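Chemist: Residue numbers (UniProt numbering): 1 to 266. Yeah, the Cβ is synthetic: ideal placement off N, Cα and C, and Gly gets one too. Just so you know, these numbers come straight off a predicted model, no measurement behind them.
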């Protein structure tokens with residue numbers, strides 16, 4: 001599946017949030033959307049999910065306009081979760097995760113064997129099986145994030161859209177979540193995630209798309225997309241770089257750029 005946005009413009013409250021954005025993601029890619037606060041990352045993800053309509057441009061699935069794809073097909077092929085998404089009412093964790101199977105079932109139909117397997121697998125890989133009987137309001141923010149991720153994985157969609165999937169997670173679960181998303185992509189699905197941790201984004205993503213003030217300013221391999229001049233110009237930081245003993249390269253934001261120190265971005 002190829003999900004693309006072409007020359008998209010989004011205006012909200014008289015302000016341009018996305019300005020001529022074009023992006024295409026295919027199967028097996030793990031793409032990180034990074035950029036400073038207010039750059040348009042979550043807006044772009046919402047556009048790709050079909051939750052908002054562009055003022056100009058279009059979103060396509062395999063070349064077909066997204067707004068021409070039926071809701072049922074879209075629900076099966078695209079899975080998304082957003083960190084501020086509401087559950088709606090108190091539900092048990094297993095019931096929340098099982099919602100991810102609704103696109104595969106007829107109305108009021110009982111869960112199939114395939115549903116049971118998908119639910120159990122999603123809960124296992126996100127380590128929420130032990131929370132199965134807990135009610136959503138009793139969950140911590142990190143537990144809730146993992147439950148929402150499990151629900152999205154349960155869809156077994158061709159494309160997974162994730163808004164800040166490691167926010168509120170402790171370091172161990174951040175590593176687990178990033179490794180899981182990379183595994184999902186290597187298994188053939190496309191993954192697009194909004195991320196703020198540049199170190200983990202550079203380590204796990206195949207490709208980084210950098211947004212600044214509603215425009216894409218870099219799109220490529222992490223080492224290229226997070227070049228020193230871009231880190232300074234877009235994020236106002238300098239970075240330390242190195243190679244781990246396992247051969248993996250890393251980038252670590254280290255300090256505010258001298259010119260940026262004490263200043264506020266316009």
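Consult DSSP for residue 121 and reduce its assignment to one of helix, strand or coil.
Modeler: helix
Chemist: Hey, which unbroken runs of the alpha helix (DSSP H) at 4 residues or more fall wholly within the stretch 208-235?
Modeler: 222-225
Chemist: Just to confirm my understanding: we take residue 76, look at its own chain, exclude 5 residues before and 5 after, and list those with CB closer than 6 Å. What are they?
Modeler: 103
Chemist: Just checking, does the stretch 34-52 make contact with the stretch 182-195 on the three C-beta pairs under 8 Å criterion?
Modeler: yes
Chemist: Give the DSSP-derived three-state secondary structure of residue 7 in the structure shown.
Modeler: strand
Chemist: Whose CA, out of 125, 135, 64, lies closest to the CA of residue 91?
Modeler: 135
Chemist: Which word fits residue 130, buried or exposed, when buried means at least 16 other C-beta atoms lie within 10 angstroms of its C-beta?
Modeler: It counts as exposed.
Chemist: Which of the three DSSP states is assigned to residue 103 in this structure?
Modeler: helix
Chemist: Using 8 Å as the cut-off, can you tell me whether the stretch 146-161 makes contact with the stretch 113-132, which would need three or more C-beta pairs spanning the two stretches below that distance?
Modeler: As far as the Cβ criterion goes, the stretch 146-161 touches the stretch 113-132, which means the pair count is three or higher.
Chemist: Thinking just about the alpha-carbon of each residue, which of 30, 84, 20 is nearest to the one in residue 222?
Modeler: 30
Chemist: Which residues does DSSP list as the beta-bridge partners of residue 60?
Modeler: 4, 65
Chemist: Between residue 225 and residue 208, what straight-line distance do the alpha-carbon atoms span, to the nearest angstrom?
Modeler: 6 Å
Chemist: Would you tell me roughly how many angstroms separate the C-alpha atoms of residue 237 and residue 106, rounded to the nearest one?
Modeler: Put simply, the backbone Cα of residue 237 is about 52 Å away from that of residue 106.
Chemist: Here's the rule I'm using: 16 or more other beta-carbon atoms within 10 Å means buried, otherwise exposed. How should residue 235 be labelled?
Modeler: buried
Chemist: Within its chain, find whatever has a CB closer than 6 Å to the CB of residue 230; leave out the 5 residues flanking it on each side and keep chain order.
Modeler: 218
Chemist: Judging by CA-CA distance, which residue of 258, 152, 41 is the nearest neighbour of residue 214?
Modeler: 41
Chemist: Going by beta carbon distance, what residues of the same chain come within less than 8 Å of residue 55, once the five residues before and after it are set aside?
Modeler: 9, 10, 11
Chemist: Any idea if residue 252 is buried or exposed, counting beta-carbon neighbours within 10 angstroms, 16 or more meaning buried?
Modeler: exposed
Chemist: Do the stretch 113-122 and the stretch 168-177 touch if we need at least three Cβ pairs shorter than 8 Å?
Modeler: no
Chemist: Report the rounded CA-to-CA distance for residue 246 versus residue 240, giving the unit in angstroms.
Modeler: Whole-angstrom Cα-Cα distance: 18 Å.
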